[in-house]
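For reference, the structure is listed below as structure tokens.
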Amino acid sequence: MKVYLNGKLVDKKEAKISVFDHGYLYGDGVFEGIRVYNCLVFKLKEHIDRLYESAHTITLGISFTKKAMIDAVVKTLKENKLKDAYVRLVVSRGEGDLGLDPRKCKGNQTMVIIADKIVLYPKELYQKGMAIITVPTVRNHPEALNPQLKSLNYLNNILAKIEASNSGYQEALMLNHLGYVAECTGDNIFMVKNDALYTPPQCMGTLKGITRNTVLDIARKLKIPAHEHIFTRHEIYNADECFLTGTAAEIIPVVKIDERAIGDAKPGNVTKRIMKEFHKLTKTDGVKYSL
Ligand code: PXG
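Quick note on the numbering used here: the sequence shown kicks off at 42 and runs consecutively.
As structure tokens, then:
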């Protein structure tokens, strides 16, 4: 495997960064996870735009243009001869000293692109649906570390993941600081009630996920009413259907939350229609390349 590191494609073994990199020392950096379906980098432009927005907020001026970044992603995929893949794009503040001050890193930013495979959940979970649990750790307060910011500091999500797995569940439902449903550790959440879709708005501590936006587009196309609306656990326990969305997870039905059955505890019809439409879009919506 070849990894893109600061402008060069190097062997996985040689893809090393300094222990003084502030991405390592402080989580000072940003990232994106992108899917590739049959030589089509799904929603690449949207991912690159979000990466630059995250970087802007942490005042990390990426030294690459967006166009150069897109070319680098494609180059990495081609070099690794990958048709289907998961791409991790990471830009960190780079090497500095043992203080927090990012100015000491003097524009040494580290840029990494890893292209590999990912299987998040077993296939049968997509057919049967999964059970999730609400965890005690609440999603970051937007004025502390805004969930819109895909930073290298993912401990909030990791703590929630640990709590879910300690209880024997694969995914955690996270509430926000006000007690409303926010999202899961690496996925957005949707519920269906009376044939309409609901997902928490951005201000609830919810990442504006690219898969989430794609589902909202699909709902418009299929004429399914869709609302960005706040809700509590009570509403979601009493929903007809529920599913999660994310680049890695794609769309996965949820059939049980905190041991309450959702609807008839089977993936619902609206969920299945959206999943079908989503898989169609992964064949058309992105940047194409050839091997
Ligand atoms: N919420 C959070 C907190 C995320 O990190 C999503 C929602 C979904 O967004 P997209 O744009 O992918 O539809 C994410 C993205 C993993 C993993 O291993 C997941 C993400 C990032 C890194 C790793 O599950 N998720």
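By construction, the Cβ of each residue, glycine as well, lies at the ideal position given by its N, Cα and C atoms. Computed from a prediction, not measured in an experiment: that's the story for all the values here.
Bridge-paired residues (DSSP) for residue i
i, result
"Cys11", "With the chain covering 42 to 332 only, the question about residue 11 has no answer from this structure."
"Arg261", "BP columns for Arg261 are empty, so no partner."
"Glu269", "Thr240"
"Ser192", "Val71"
"Phe231", "Phe284"
"Met152", "Val132"
"Pro294", "Phe284"
"Tyr127", "Arg76 and Asp157"
"Lys329", "Leu81"
"Val311", "Val311 is not bridged to any residue."
"Asp52", "Lys43"
Residue i (DSSP reduced to helix, strand or coil)
i, result
"Leu46", "strand"
"Ile277", "helix"
"Gly74", "strand"
"His88", "helix"
"Phe61", "coil"
"Thr286", "strand"
"Arg253", "helix"
"Ile174", "strand"
"Tyr167", "helix"
"Pro183", "coil"
"Ala96", "helix"
"Ala109", "helix"
"Ala205", "helix"
Contact test: residue i Cβ vs the ligand PXG heavy atom, cutoff 7 Å
i, result
"Leu248", "yes"
"Thr98", "no"
"Pro183", "no"
"Leu161", "yes"
"Arg15", "Within the shown structure, residues of the chain are numbered from 42 to 332, placing residue 15 beyond reach of any answer."
"Thr288", "yes"
"Gly140", "no"
"Asn217", "no"
"Gly74", "yes"
Cβ-based burial, residue i [other Cβ within 10 Å; buried from 16]
i, result
"Pro242", "exposed"
"Pro163", "exposed"
"Gln150", "buried"
"Lys324", "exposed"
"Asn235", "exposed"
"Cys244", "exposed"
"Asn217", "buried"
"His8", "The chain is shown only over 42 to 332; residue 8 falls outside these bounds and no answer can be derived."
"His320", "exposed"
"Ala223", "buried"
"Arg76", "buried"
"Glu165", "exposed"
"Ile199", "exposed"
The ligand SAM heavy atom lying under 7 Å from the CB of residue i
i, result
"Asn229", "Of the ligands this structure carries, namely the ligand PXG, none is the ligand SAM."
Taking one C-beta from the segment 48-55 and one from the segment 282-300 each time, how about it: are there three or more such pairs within less than 8 Å?
-> no
Meets three-Cβ-pair contact criterion under 8 Å: the segment 200-216 and the segment 72-81 = no
Pairing CB atoms from the segment 249-260 with CB atoms from the segment 193-205, are three or more of them under 8 Å?
-> no
Count the CB pairs spanning the segment 63-75 and the segment 306-321 that are closer than 8 Å, and state whether there are at least three.
-> no
Are the segment 173-190 and the segment 93-112 in contact at 8 Å, needing three or more beta carbon pairs?
-> yes
Should the segment 139-157 be called in touch with the segment 170-183, which here means at least 3 C-beta pairs below 8 Å?
-> Short answer: they don't touch.
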